[in-house]
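Take a look at the structure below.
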Amino acid sequence: MPRYRPHVAARPSWRCRACGAPWPCSPARLALLGEYREDRIALLVHLGTLLCEATADLTDPHGRDTPQRLADRFVNWARAR
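Taking my numbering, the leading residue of the sequence shown gets 3, the next gets one more, and so forth.
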């Protein structure tokens with residue numbers, strides 16, 4: 003029987019250790035929403051902290067990972083709609 007592997011970020015690439023997708027991947031997002039279901043503000047603070055850490059690792063001179071793209075990837079998906 004396969005063992006569950008948590009979908010956590012591998013730093014400094016910020017790719018998922020389990021599936022290799024850019025983190026937070028879909029399973030990581032679902033897990034985070036479940037973990038913080040009672041406190042969306044705490045989730046956004048947590049993601050904002052990770053965004054700051056990731057920005058130092060992922061911002062490049064070629065513009066592939068712009069601050070707006072990183073904000074969309076790390077924080078904006080979790081905002082209440």
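Even for Gly, the Cβ is constructed at its ideal location relative to N, Cα and C.
If you're wondering where the values come from, they're calculated on a predicted model, not measured in any experiment.
- By the Cβ criterion, the segment 25 to 45 is not in contact with the segment 60 to 69, since fewer than three pairs of Cβ atoms, one from each stretch, lie closer than 8 Å.
- Between His9 and Pro29, the beta carbon gap of about 4 Å places them in contact (Cβ cut-off 8 Å).
- In terms of Cα proximity to Asp74, the closest of Arg39, Cys27, Arg7 is Cys27.
- Comparing alpha-carbon positions, the option among Thr61, Gly50, Leu35 lying closest to Ser15 turns out to be Thr61.
- Taking Ala58 as reference, the option from Arg13, Arg7, Ala20 with the minimal CA-CA separation is Arg13.
- Burial check for Cys54: the Cβ neighbour count within 10 Å stays below 16, so the residue is exposed.
- Cys18 sits in a strand when the DSSP states are folded into three classes.
- DSSP places Pro24 within a strand segment (E or B) once states are collapsed to three.
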